[in-house]
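What follows is a short report on a single structure.
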Amino acid sequence: MVIEQHGEYRADNPGGRPAFHRADPVSGLDARLLLVLSRGDTSNVVARVTGIPVEAIPQDELFRRASVHGTWPLVYRNLQALHKAGVAPCAPFWKVQHRRAIVRNRFILDELGRLLQHFQRRSIPMLVMKGPALARQAYGGEHWRLFTDLDVLIAPRDYDRAQSMLEELGYQPFSRLAAMRPWQQRFHRWRAGQMAFRRGAGTFNLDLHIRPLPPLHRYVFSFDELNDRVQVVQVGEHALPTLADEDHLLLLCFHGVKNRWERLKHVADVAELLRSRSTRLDDVALWERAVRTRGGRVLMVGAWLAFHLLEAPLPESLHRRIAQQSEVHRIGKNLADRLVRWPVPPMSSRDRARFHLTMQETLGTKVQYALGSLLRYLD
13 MVIEQHGEYR ADNPGGRPAF HRADPVSGLD ARLLLVLSRG DTSNVVARVT
63 GIPVEAIPQD ELFRRASVHG TWPLVYRNLQ ALHKAGVAPC APFWKVQHRR
113 AIVRNRFILD ELGRLLQHFQ RRSIPMLVMK GPALARQAYG GEHWRLFTDL
163 DVLIAPRDYD RAQSMLEELG YQPFSRLAAM RPWQQRFHRW RAGQMAFRRG
213 AGTFNLDLHI RPLPPLHRYV FSFDELNDRV QVVQVGEHAL PTLADEDHLL
263 LLCFHGVKNR WERLKHVADV AELLRSRSTR LDDVALWERA VRTRGGRVLM
313 VGAWLAFHLL EAPLPESLHR RIAQQSEVHR IGKNLADRLV RWPVPPMSSR
363 DRARFHLTMQ ETLGTKVQYA LGSLLRYLD
């Protein structure tokens, strides 16, 4: 059973769904609009905009804000639906931008397919994280989620072979990394869990991971364990090995925390994966894996944001757990209040440190995070 939410975020309602019912005094853009339109499901978009003045949307400003948040393809999709229903205009520039994005996405996807073939020829197992694989898993295709780089996960034992292969294909570490001594590169790889490569002056950017996330963020699953649960998604002509739904969802929540949930696209990724996989998610396995990473709070905060901001359906068991956690509500509401402001206020260094420590569940993990943070200054 899944629990669904209806209605818009209410920042003035601390006891329930947190509204943000004011228009920007400069642009005239209703602050609810970005939340309402940043969803993959367009079936009830006409009902969702009830009470919002959409007849004269300042579309340039809407596009600018949606671009900063990384959700403008979803906004365009919903504007198309409103336009077809005769409710709101859809300026021509959206279509132009979308066509360009599709071309770019397909360009990157074809490069990923080429790389996949080379990995297979060298017998180097790999998993695609986020990017085109998530676009298929969560959004139904590569047209509605932007991806500017590629994230590939391999086993640490295969790193040297993979780097040699990439260099043969014209990839080189980013200049700052290339200038490091070998021991510094090894330290960076251990600390960051990845090395960043590029080909063609940044035409293609590839993050080669030996861990899904840096050790700092406690996503503890090894490549072999994740590969044992691999699923293959078909994106265009390419069959991409990627993470199981539960692993990907938990990774997205950790990734949102890593980026302090400062862009709506991180919430949208969680929301759309929950929406598209609501009937097939194994909520028991999901929670067990969250507990193993000591990431129960990480998962619940990500789910809280997806549920309250973008009306993602939640497994009933997860919804019950969240309902019992006042700290999750407090954290989620603080994050949501920041997300609906424009521009999103940046966190100070002190606030960032406080936020990340708050997301740790035990004293031990707080100490580990604090010590791990210090290592960044040695890189």
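Our numbering puts the first residue of the sequence shown at 13, with every later residue one more than the last.
A virtual CB, placed ideally from N, CA and C, is assigned to each residue, including glycine.
Because the structure is a prediction, the values reported are computed rather than measured.
- Collapsing the DSSP output to three states places Met207 in a strand.
- Residue environment for Leu146: buried (at least 16 other C-beta atoms within 10 angstroms of its C-beta).
- In the DSSP assignment, Ala297 falls within the alpha helix (DSSP H) that extends over Asp295 to Arg304.
- Proximity to Leu322 across Val340, Glu284, Phe199 and Trp84 peaks at Glu284, based on C-alpha coordinates.
- The residue from Ala318, Asp281, Arg306 and Glu328 with its alpha-carbon nearest to that of Thr291 is Glu328.
- Residue Asp259 holds the alpha-carbon nearest to the alpha-carbon of Glu300 among Arg133, Asp259 and Gly182.
- Boundaries of the alpha helix (DSSP H) harbouring His95: Trp84 to Lys96, taken from the DSSP string.
- With 16 or more other Cβ atoms from the protein chains shown falling within 10 Å of its own Cβ, Ser288 counts as buried.
- In the DSSP secondary-structure assignment, Asn217 is bridged to Arg210.
- C-alpha of Arg193 to C-alpha of Leu127: approximately 27 Å in a straight line.
- Partner residues in the beta bridge of Gln243, as assigned by DSSP, are Thr254.
- Remark: C-beta atoms of Ala167 and Asp257 do not approach each other more closely than 8 Å.
- Gln184 sits in a strand when the DSSP states are folded into three classes.
- The three-state secondary structure of Val115, taken from DSSP, is helix.
- With fewer than 16 other Cβ atoms inside 10 Å of its own Cβ, Phe119 counts as exposed.
- Per DSSP, reduced to three states, the secondary structure at Asp236 is helical.
- Residues Pro253 of the same chain have their beta carbon placed closer than 6 Å to that of Val242, with the five preceding and five following residues left out of the count.
- Nearest C-alpha to Trp354 among Gln372, Gly376, Arg275 and Thr215: Arg275.
- In the assembly as shown, Lys107 is an exposed residue. Its beta-carbon has fewer than 16 other beta-carbons within 10 Å.
- Exclusion of the five residues before and after Leu218 leaves Leu162 and Phe209 as the residues of its chain whose Cβ lies within less than 6 Å of its Cβ.
- C-alpha of Asp281 to C-alpha of Val310: approximately 15 Å in a straight line.
- Annotation for Met177: His130, Phe131, Arg134 and Ile136 place their beta carbon closer than 8 Å to its own, counting only its chain and skipping 5 residues before and after.
- A check of alpha carbon separations from Tyr88 across Ser50, Glu180 and Pro70 identifies Ser50 as the nearest.
- Contact between Met138 and Leu165 is confirmed by a C-beta separation of about 7 Å, below the 8 Å threshold.
- Contact between Arg306 and Thr374 holds, with the beta-carbon distance rounding to 6 Å and staying under 8 Å.
- Close CB contacts of Leu189 within its chain, under the 7 Å cut and outside five residues either way in sequence, are with Gln197, His200, Met207 and Ala208 (chain order).
- Excluding residues up to 5 positions away in sequence, Gly125 lie with their Cβ nearer than 8 Å to the Cβ of Glu249 in the same chain.
- Distance from Leu228 to Gly384 at the Cβ level is roughly 4 Å; contact confirmed, criterion being Cβ atoms closer than 8 Å.
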